[in-house]
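Per the working numbering, the sequence shown starts with residue 2, numbered consecutively.
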Amino acid sequence: MRTILITGPGGSGRTTIAAATALRAAADGTRTLLLSADRTDTPGAALGTGTGPVPAPAAPDLTVWRPDATERFRQDLTAFQNRAANVLDLLGAARLDAEEVTPLPGAEELSFLRALRDAALSDRYDLLVVDLPPLPAALALLGLPEELRRYLRRLLPPERQAARALRPVLGRLAGVPMPADWLYETAARWDVELAAVAAVLADRDTAVRLVAEPGPAGADAVRTATLGLALRGLRTEALIANRALPETTPDGWLAGLLAQQRKTLADWQESYDVHAVPHLGRDPHGPDDLAALAVPAVDPSPRPVEWPVTDRIAEDGVLVWHLPLPGAIRDELDLVRRGDELLITAGPFRRIVPLPSALRRCAVAGAGLLDGVLRIRFTPDPDLWPGAGR
């Protein structure tokens with residue numbers, strides 16, 4: 002299944018573009034699911050049909066789903082209380098009724114990620130179009146699975162489960178229930194679920210479409226978003242320049258806005274696959290209006306993002322790791338090696354990535370940024386590299 006993630010600055014029309022993208026794919030005979038994080042029924046307003054927490058058909062070969070974060074959080078909390086019943090009783094804690102539960106901060110994001118996983122694993126669709134939240138919330142959401150898995154593994158390392166056989170004995174000696182089993186089981190289940198979401202995001206058939214209005218604010222948002230996505234290993238497949246004014250715009254204040262759009266579009270075309278979507282002069286409503294937006298078709302053969310390692314040991318005595326980071330600024334880059342991981346800071350973004358196996362036996366020898374690609378040089382460690390000391 003192909004997955005297209007669509008986001009952009011708030012108010013840029015990303016949800017409408019997502020609906021138009023899904024509708025066009027469905028019109029071509031592709032079984033398509035539009036998954037939206039929009040709290041209100043903006044997708045339904047664009048498509049001309051209501052959408053909600055249950056996947057429902059909106060057109061031939063098109064299904065739309067807006068998950069209900071509140072209901073899913075209630076279900077998760079109820080299940081958690083059931084699993085932790087012994088501990089809650091021991092502490093004398095009163096259980097919450099489903100009716101009095103309101104989602105905690107972050108619950109909505111986790112609920113949406115689980116819906117994304119469920120949709121991606123379904124065999125009912127050939128294309129998943131994901132209407133993400135606005136930037137920068139979308140960038141934080143995309144990094145959440147990897148970061149949460151890291152926290153879980155640091156707090157509850159899998160290797161500690163080797164002592165699980167001793168916990169019943171310790172429980173009898175202490176005379177109280179031992180919570181470790183359900184705690185580790187919960188952590189293991191969450192790790193599996195988060196790994197499934199991370200796999201969807203890392204899949205070679207997953208790409209991003211950015212939506213922005215051509216102008217200074219849109220240009221700044223796109224530049225920042227492209228860097229954040231690249232650091233996560235996500236490729237910007239297309240840049241949708243939404244609400245582009247027609248060339249026949251009359252003189253007046255609209256003429257100045259048109260000139261501003263032209264300049265931004267010219268700059269974007271140097272770095273992106275730009276698709277200008279016309280301004281209809283009204284909010285799009287219904288299939289005919291969405292078809293008039295003429296969004297690009299989904300590429301059936303996407304170009305995957307690669308962070309290759311090149312072997313230059315024979316020539317220069319180094320291995321070079323290539324990390325595409327378009328929009329990165331040299332003075333805003335920072336690298337820190339921690340064991341088998343590399344902490345990368347690029348502008349406002351930060352990510353800890355595991356080193357490829359070959360580079361774990363090397364030392365960092367330097368780095369350079371050229372043409373939007375960060376090249377990190379590694380020299381083999383004589384104590385770890387096979388044959389290096391011979």
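From the three backbone atoms N, C-alpha and C, an ideal C-beta is built for every residue, glycine too.
Beta-carbon within less than 8 Å of residue i's beta-carbon, same chain only, minus the 5 sequence neighbours each way: which residues are those?
i: Tyr126; result: Met2, Arg32, Thr33, Leu34, Thr64, Ala120
i: Leu49; result: Going by the sequence as given, residue 49 is Gly instead of Leu. Within the same chain, Gly49 has close Cβ partners His286, Gly287, Pro288.
On the DSSP letters alone, give me the boundaries of the beta strand (DSSP E) that residue i sits inside.
i: Arg351; result: 350-355
i: Leu34; result: 33-37
i: Leu128; result: 128-132
Would you please verify whether the beta carbon of residue i is less than 7 Å from any beta carbon of chain C?
i: Pro10; result: The chain inventory of the structure shown lacks chain C, comprising one protein chain alone.
Which word fits residue i, buried or exposed, when buried means at least 16 other C-beta atoms lie within 10 angstroms of its C-beta?
i: Asp382; result: exposed
i: Ile330; result: exposed
i: Ile7; result: buried
i: Val193; result: exposed
i: Glu238; result: buried
i: Ile5; result: buried
i: Arg15; result: buried
i: Ala295; result: exposed
i: Arg118; result: buried
i: Ser358; result: exposed
i: Pro387; result: exposed
i: Arg67; result: buried
i: Ala375; result: Ala is not the amino acid found at residue 375; the sequence shown has Leu there. Leu375 should be labelled buried.
i: Pro146; result: buried
i: Trp254; result: exposed
i: Ile241; result: buried
i: Ser302; result: exposed
i: Gly229; result: buried
Per DSSP, what kind of secondary structure is residue i in: helix, strand or coil?
i: Arg272; result: The displayed chain sequence assigns Ser, not Arg, to residue 272. The answer is coil: DSSP assigns Ser272 none of H, G, I, E or B.
i: Gly340; result: coil
i: Phe379; result: strand
i: Trp386; result: coil
i: Arg190; result: helix
i: Thr41; result: coil
i: Leu259; result: helix
i: Asp317; result: helix
i: Arg115; result: helix
i: Asp335; result: strand
i: Leu294; result: coil
i: Trp322; result: strand
i: Val198; result: helix
i: Val223; result: helix
i: Thr346; result: strand
i: Asp289; result: helix
i: Pro215; result: coil
i: Gly234; result: coil
i: Thr79; result: helix
i: Gly12; result: coil
i: Gly253; result: coil
i: Ser123; result: coil
i: Gly107; result: coil
Suppose the cutoff is 6 Å on Cβ atoms and the five residues either side in sequence are ignored; what does the same chain contact list for residue i look like?
i: Thr17; result: Ala47, Pro285
i: Pro134; result: Ala38
i: Pro327; result: Thr227, Ala231, Gly373
i: Leu142; result: Glu110
i: Leu149; result: Leu195
i: Ala199; result: Pro146, Glu147
Taking the alpha helix (DSSP H) that residue i falls in, what are its first and last residues?
i: Ala366; result: Unbroken run through Ala366 is the beta strand (DSSP E), 363-371; no alpha helix (DSSP H).
i: Phe50; result: The residue you asked about is not Phe; residue 50 is Thr in the sequence shown. Taken as a continuous stretch (DSSP letters only), Thr50 belongs to no alpha helix (DSSP H), as it is neither H nor E.
i: Leu6; result: That residue, Leu6, is in no alpha helix (DSSP H); its beta strand (DSSP E) goes 3-8.
i: Arg15; result: 15-28
i: Pro146; result: 138-156
Under the DSSP definition of a beta bridge, which residues are partnered with residue i?
i: Pro279; result: Ala245
i: Ala60; result: Leu63
i: Arg210; result: Ile7, Ala239
i: Ala70; result: Ala70 is not bridged to any residue.
i: Val299; result: Val299 pairs with nothing; no bridge assigned.
i: Thr1; result: Summary: the structure shown does not reach residue 1, with the chain confined to residues 2 through 391, and so no result is reported for it.
i: Val374; result: Pro325, Leu371
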